[in-house]
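All remarks here apply to the structure that follows.
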Amino acid sequence: MNDNLTISVRDLKKYFGEVKAVNGISFDVKKGEVFGLLGPNGAGKTTTIKLLLGLLEPLEGNISIFGLNPEREEVQMKEKVGYVSEEPFIFKSLTPKDLFNFVASIRKLDAEETTERVQRYLESLGAVEYYGQLISTLSHGNKQKMQIIASILHEPELLILDEPIAGLDAKSVRVVKEILDMHIEKGGSVLFSTHIMEIAEDLCDRIAIINRGKLVGLGTIDELRQQADKLGASLEEVFLRLTEQDSSVEEIVKKLRASYKKKIKETG
Ligand SMILES: Nc1ncnc2c1ncn2[C@@H]1O[C@H](COP(=O)(O)OP(=O)(O)OP(=O)(O)O)[C@@H](O)[C@H]1O
Ligand SMILES: [Mg+2]
């Protein structure tokens with residue numbers, strides 16, 4: 404594998420019964436870049452990410468992360484990767500403090516230095532007061548902040564984030580962007596998913612647009628913008644077209660209203 408590549412994916416497939424969640428996807432993520440998987444709900448983003456992490460077994464295709472196979476070389480791979488999942492947290496019965504101590508012990512990190520770093524991140528994300536509270540009692544956004552902190556404590560070379568800023572307030576989004584920038588400055592790479600073009604445009608060096616398990620667009624923001632210009636459309640319009648989201652929302656809303664009115668009439 405090319406030393407300059409962090410992730411290499413070829414012809415990846417994963418079906419769930421009849422549903423072709425990932426249906427022949429190929430892309431590379433280079434060292435030092437922020438790569439976005441962009442697509443609407445159900446496009447196959449989370450499935451792709453779970454395949455990359457070895458959490459799901461592919462039907463077909465090849466995945467290489469730092470030249471490692473995520474299924475066969477899971478432990479070595481995970482030393483180099485930090486992961487933020489779409490669903491907030493599995494460790495609900497712990498406090499963030501317990502969680503960070505646990506991460507520090509399994510990752511063999513220096514306890515004092517870790518506590519110092521944790522406090523810095525908590526302060527910058529406005530979450531110091533939740534350090535000793537049960538994770539199960541935290542709001543969605545605050546759970547997400549804890550997950551982000553836990554994922555970066557071991558200073559992984561690659562961050563894989565599934566919709567990382569979906570639940571965060573504006574100030575925290577700004578801080579997370581800064582954390583990602585610092586990670587890139589240190590030579591790291593990032594792969595993250597989003598269904599919002601604007602977020603991808605703002606954060607990513609390159610984007611893979613996926614729809615119904617297939618790659619429908621790939622390139623730098625500038626490349627995609629140039630392609631859009633040629634079509635006389637904005638990047639957002641091209642994204643909506645590529646992902647079949649451009650059918651009139653008005654039409655859908657009208658239908659919904661009509662069926663609702665009908666139901667009200669029927670039930671009196
Ligand atoms: N465990 C599963 N069993 C059956 N179908 C699944 C499973 N996981 C995902 N799918 C299906 O695979 C398709 C892709 O789902 P996936 O979660 O990868 O989409 P996504 O792009 O992450 O969407 P979202 O933006 O809503 O998070 C969907 O049709 C989904 O219903
Ligand atoms: Mg998802």
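Numbering follows our numbering, in which position 126 of the sequence shown is assigned residue number 529; successive positions increment by one, without gaps.
Beta carbons are placed, not taken as given, at the ideal position from N, Cα and C, and that holds for glycine.
Y533 versus A424: straight-line alpha-carbon distance, rounded: The straight-line gap from Cα to Cα measures roughly 37 angstroms.
How far does the alpha helix (DSSP H) with S575 in it reach, from first residue to last? 573 to 588 is the extent of the alpha helix (DSSP H) around S575.
Using a Cβ-Cβ cut-off of 6 angstroms (strictly less than) and excluding sequence neighbours within five positions of D649, which residues of its own chain qualify? Cβ within range, chain order: L643.
Classify S554: buried if its beta carbon has 16 or more other beta carbons within 10 angstroms, exposed otherwise. Residue environment: S554 is assigned as buried (16 or more neighbouring CB atoms within 10 Å of its CB, all protein chains considered).
Where V478 falls, given that 16 or more other Cβ within 10 Å makes a residue buried: Classified as exposed, V478 has fewer than 16 neighbouring CB atoms from the shown chains inside 10 Å of its CB.
Could you compute how far the alpha carbon of K657 sits from the alpha carbon of L415? Answer to the nearest angstrom: the Cα atoms are 39 angstroms apart.
So for S542, helix, strand or coil by DSSP? Shown here, S542 sits in coil according to DSSP, grouped into three states, outside any helix or strand.
Straight-line gap, R628 to F469 (C-alpha atoms, nearest Å): Between R628 and F469, the alpha-carbon positions lie close to 30 angstroms from each other.
Are S592 and E474 closer than 7 angstroms when you measure CB to CB? In this structure, S592 sits away from E474, with a CB-CB distance that is not shorter than 7 angstroms.
Bridge partners for F642 per DSSP, in chain order? DSSP lists no partner for F642.
Does the distance from the CB of N426 to the CB of G616 come in under 7 angstroms? A contact, by the Cβ cut-off of 7 angstroms.
Flag F430 as yes when its Cβ comes closer than 6 angstroms to any non-hydrogen atom of ligand 1, and as no otherwise. Distances taken from the Cβ of F430 to the heavy atoms of ligand 1 include none shorter than 6 angstroms.
State yes or no: is the C-beta of T449 nearer than 6 angstroms to some heavy atom of ligand 2? Judged by the Cβ position, T449 qualifies as a neighbour of ligand 2 at the 6 angstroms threshold, a heavy atom of the ligand being closer than this.
When the distance is taken between beta carbons, is V432 closer than 7 angstroms to L594? Yes; because the gap between Cβ atoms is below 7 angstroms, this pair is in contact.
With a threshold of 8 angstroms on Cβ separation, who are the neighbours of L497 within its own chain once the five nearest residues in sequence on each side are excluded? Correct list, in chain order: F505, L537, I538.
Would the beta-carbon of L456 fall within 7 angstroms of that of Y418? If you check the CB distance, L456 and Y418 do not come in under 7 angstroms.
Provide the residue(s) that pair with L621 in DSSP beta bridges, ordered along the chain. Under the DSSP definition of a beta bridge, L621 partners with A611.
With a 10 Å radius around its C-beta and 16 neighbouring C-beta atoms as the bar for buried, classify K668 as buried or exposed. With fewer than 16 neighbouring CB atoms inside 10 Å of its own CB, K668 falls in the exposed class.
First and last residue of the alpha helix (DSSP H) that includes S527? For S527, the enclosing alpha helix (DSSP H) starts and ends at 514 to 527.
Is it the case that the CB of E490 approaches a heavy atom of ligand 2 more closely than 6 angstroms? Set against 6 angstroms, the gap from the CB of E490 to the closest heavy atom of ligand 2 is not smaller.
Quick check on the burial criterion: 16 or more other C-beta atoms within 10 angstroms. Buried or exposed for V531? So V531 counts as exposed.
Secondary structure of D406, DSSP reduced to three states: Taken through DSSP and simplified to helix, strand or coil, D406 comes out as coil.
What is the rounded straight-line gap between the Cα of L618 and the Cα of D608? Separation of L618 and D608 (C-alpha to C-alpha, rounded to the nearest whole angstrom) is 17 angstroms.
Is E558 helix, strand or coil when you go by DSSP? In the structure shown, E558 sits in coil (DSSP, three-state: anything other than H, G, I, E or B).
Is it the case that the CB of F503 approaches a heavy atom of ligand 1 more closely than 6 angstroms? Every heavy atom of ligand 1 is 6 angstroms or more from the Cβ of F503, so no.
So, is M585 buried or exposed, given that buried needs 16 or more other C-beta atoms within 10 angstroms? Of the other Cβ atoms in all chains shown, fewer than 16 fall within 10 Å of the Cβ of M585; this residue is therefore exposed.
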